[in-house]
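K.L.:
So that we are looking at the same thing, I have put the structure below in structure tokens.
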Amino acid sequence: MRSVDVLIVGASLSGAAAAKRLVDAGLETIVIERKQLPRHKICSGILSPRGHRFLLENFGPLPPEVLHEPTSCRGVTFHFPCMVPMPMDFFGGTTPHLHRRYSDHWAIRQSGAEIHDQTSFVGLQDRGDHVMVSARSRGEPVEYRARQVIGADGPSSLVTRALYPDYPQSIPWFFVGQKFHRIIECPLDPQYFHFWFHPGLGHYTWSHARDGRQIVGVGFKRGDNFARKHRTVVDYLADKHGVRLEPEDDDDEGCGENFGPSLINRYVFGKGNVLITGQAAGFLNMIGEGMSCALHSGAISGEAVVEAGLRNRPVQDMYRRMIASEVRRTSDQWNPLKVAFERPHEADFPAALMALGWRDRAKVIRDIWNFLVLYKEFKWGRQILRAALQRPLIGGYSMQRWL
Ligand SMILES: Cc1cc2nc3c(=O)[nH]c(=O)nc-3n(C[C@H](O)[C@H](O)[C@H](O)COP(=O)(O)OP(=O)(O)OC[C@H]3O[C@@H](n4cnc5c(N)ncnc54)[C@H](O)[C@@H]3O)c2cc1C
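Numbering that gives the first Met the number 0 numbers the first residue of the sequence shown as 0 and each following residue consecutively.
Take a look at the structure:
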């Protein structure tokens with residue numbers, strides 16, 4: 000059995016950021032990762048400028064092999080049924096298009112932590128002054144003893160389930176799937192991530208270029224037919240945007256997403272000596288951007304462990320105080336009042352809207368309203384509005400709703 004200061008579950012970006020803080024503070028840190036590294040991670044890989052700054056400042060310049068082609072992204076283009084495109088450039092220029100298999104591996108190695116891949120978290124017991132963690136490494140049972148554990152194991156976190164077995168049933172879930180197509184002709188600008196606010200397509204529809212292929216992605220409810228949803232989008236792209244694609248390759252993929260805790264302020268941060276961070280804790284920005292908040296929340300979890308040790312304070316108190324700013328930042332992205340008046344995103348939505356002629360602007364506003372309020376499948380649209388109205392513009396986010 001290995002004894003360490005801190006055990007991190009998950010060798011992703013939140014895990015790498017937490018590990019970096021802990022290793023820098025001189026704490027012996029092991030990261031366990033269930034997959035063999037470098038591992039695949041389903042993701043568009045569009046890093047926000049804030050995430051980019053974090054990587055540069057903490058891990059150094061990005062090596063070329065951690066990027067997809069096109070290697071950068073200028074911003075996001077929103078599309079609507081009225082066919083008025085709304086491109087928005089990121090603040091501060093282009094951002095990297097990360098190849099998650101390699102970027103995450105690079106970041107975790109740069110953290111300096113000891114990495115045990117092909118090692119899956121199974122369960123834990125918090126014994127007050129230490130935590131016993133059971134795992135399986137290449138099929139064999141292994142045990143770790145750690146003063147603290149950080150769950151950085153993503154949306155379907157087993158660490159979260161070990162602490163709160165009922166949590167997954169208490170939050171909204173949805174599924175996303177993407178298929179890859181060779182391109183015959185694609186007028187969609189490859190420098191942008193494209194997103195559709197279109198009730199006829201689904202509540203989460205996106206497309207972008209990657210390594211010579213076009214990704215067509217859809218969000219769907221449990222029980223929906225992914226293939227049919229995807230086909231509807233491909234036909235729409237052909238009909239309305241002149242996108243001509245080969246039939247999909249056979250490496251399509253999908254996963255479940257805990258989409259919504261950041262919208263409804265239902266974060267989960269752990270108990271006792273166990274902290275939860277990254278998407279496992281519920282961090283996900285609007286339109287599914289999760290890398291920047293994974294990096295920042297991960298770093299804060301590591302800092303909380305270090306600070307709690309230095310000040311001899313309970314680590315949970317420390318973490319919850321320190322994470323509040325990241326909660327506010329993430330949840331504000333969902334607040335229409337904040338979007339309209341305070342620019343919580345990393346691209347200027349109000350400016351892009353105002354750049355349209357007044358007729359087009361009216362059409363876009365009508366389409367957004369229809370999508371958020373009238374679209375029956377998108378019940379979160381109504382939650383977004385309700386959440387915004389419940390919170391005053393300058394109001395905070397009650398910690399009482401966190402686990
Ligand atoms: C289709 C899609 C597109 C996306 N596009 C973007 C985008 O363009 N930009 C963006 O910013 N975000 C995007 N996201 C979101 C982003 O991928 C996540 O929010 C982000 O990766 C979360 O990071 P994390 O470190 O919290 O967890 P994850 O990246 O989910 O990593 C968790 C890690 O824990 C490991 N793990 C899980 N269970 C165990 C276990 N039992 N034992 C050991 N290890 C375990 C996993 O293998 C994984 O390595 C996208 C997500 C999807 C699904």
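Don't be surprised by glycine CBs; every beta carbon is placed ideally from N, CA and C.
Candidates 357, 340, 356: which alpha carbon is nearest residue 349's?
P.N.:
340
K.L.:
Flag residue 152 as yes when its Cβ comes closer than 7 Å to any non-hydrogen atom of ligand 1, and as no otherwise.
P.N.:
yes
K.L.:
Does the beta-carbon of residue 37 have 16 or more other beta-carbons within 10 angstroms, so that it is buried, or is it exposed?
P.N.:
buried
K.L.:
In the structure shown, what three-state DSSP assignment does residue 357 receive?
P.N.:
DSSP places residue 357 in helix when its eight states are reduced to three.
K.L.:
With DSSP as the reference, please indicate the residues paired to residue 140 in a beta bridge.
P.N.:
Its beta-bridge partners are 135.
K.L.:
Three or more C-beta pairs under 8 Å: does that hold for the stretch 305-312 against the stretch 326-333?
P.N.:
no
K.L.:
Where does residue 292 fall in DSSP's three states?
P.N.:
helix
K.L.:
Which two residues bound the contiguous alpha helix (DSSP H) that contains residue 229?
P.N.:
If you look at residue 229, you'll find it in the alpha helix (DSSP H) that goes 225-240.
K.L.:
Roughly how many angstroms lie between the CA atoms of residue 326 and residue 159, to the nearest whole one?
P.N.:
The straight-line gap from Cα to Cα measures roughly 18 Å.
K.L.:
Kindly give me the distance between the Cβ atoms of residue 166 and residue 1, rounded to whole angstroms, as I take these residues to be in contact under 8 Å.
P.N.:
Beta-carbon to beta-carbon, residue 166 and residue 1 are separated by about 28 Å, too far to satisfy the 8 Å threshold.
K.L.:
Taking contact to mean at least 3 C-beta pairs separated by less than 8 Å, is the stretch 164-182 in contact with the stretch 245-254?
P.N.:
The count of Cβ pairs closer than 8 Å, one atom from the stretch 164-182 and one from the stretch 245-254, reaches three, so the stretches are in contact.
K.L.:
If I measure Cβ to Cβ from residue 218 and keep anything under 6 Å in the same chain, skipping five residues before and after, which residues do I get?
P.N.:
173, 175, 201, 202, 203
K.L.:
For the structure I just gave you, are there three or more beta carbon pairs, one from the stretch 84-92 and one from the stretch 203-214, closer than 8 Å?
P.N.:
no
K.L.:
What's the C-alpha gap between residue 42 and residue 24?
P.N.:
31 Å
K.L.:
Express the C-alpha separation of residue 195 and residue 372 in angstroms, rounding to a whole number.
P.N.:
Their Cα atoms are separated by approximately 16 Å.
K.L.:
Along the chain, which unbroken stretches of the beta strand (DSSP E) at least 3 residues long are found entirely within the stretch 256-338?
P.N.:
Whole beta strand (DSSP E) segments, 3+ residues: 273-275.
K.L.:
Who does residue 10 pair with in a DSSP beta bridge?
P.N.:
Paired residue(s): none; residue 10 is not in a bridge.
K.L.:
Can you tell me the Cα-Cα spacing of residue 353 and residue 150, whole angstroms?
P.N.:
42 Å
K.L.:
Relative to the alpha-carbon of residue 26, which residue among 13, 17, 347, 109 has its alpha-carbon at the smallest distance?
P.N.:
17
K.L.:
Cβ of residue 19 within 7 Å of any heavy atom in ligand 1?
P.N.:
no
K.L.:
Using only CA atoms, which one of 358, 127, 322 lies nearest to residue 81?
P.N.:
358
K.L.:
In whole angstroms, what separates the C-alpha of residue 136 from that of residue 272?
P.N.:
Answer to the nearest angstrom: the Cα atoms are 23 Å apart.
K.L.:
Measuring alpha carbon to alpha carbon, tell me which of 304, 336, 292, 346 ends up nearest residue 324.
P.N.:
292
K.L.:
Can you determine whether any heavy atom of ligand 1 sits closer than 7 Å to the C-beta of residue 13, and answer yes or no?
P.N.:
yes
K.L.:
Taking the C-alpha atoms as reference points, what is the distance between residue 57 and residue 235?
P.N.:
42 Å
K.L.:
Determine the closest residue to residue 275 out of 259, 258, 253, 303, with distance taken between C-alpha atoms.
P.N.:
303
K.L.:
Give me the DSSP bridge partner(s) of residue 191.
P.N.:
Bridge partners of residue 191: 74.
K.L.:
For residue 124, count neighbouring Cβ atoms within 10 angstroms of its own Cβ and tell me buried if that reaches 16, exposed if not.
P.N.:
exposed
K.L.:
Please classify residue 345: does DSSP put it in a helix, a strand, or coil?
P.N.:
Three-state result, residue 345: coil.
K.L.:
Any idea which residues DSSP pairs residue 254 with across the strands?
P.N.:
175
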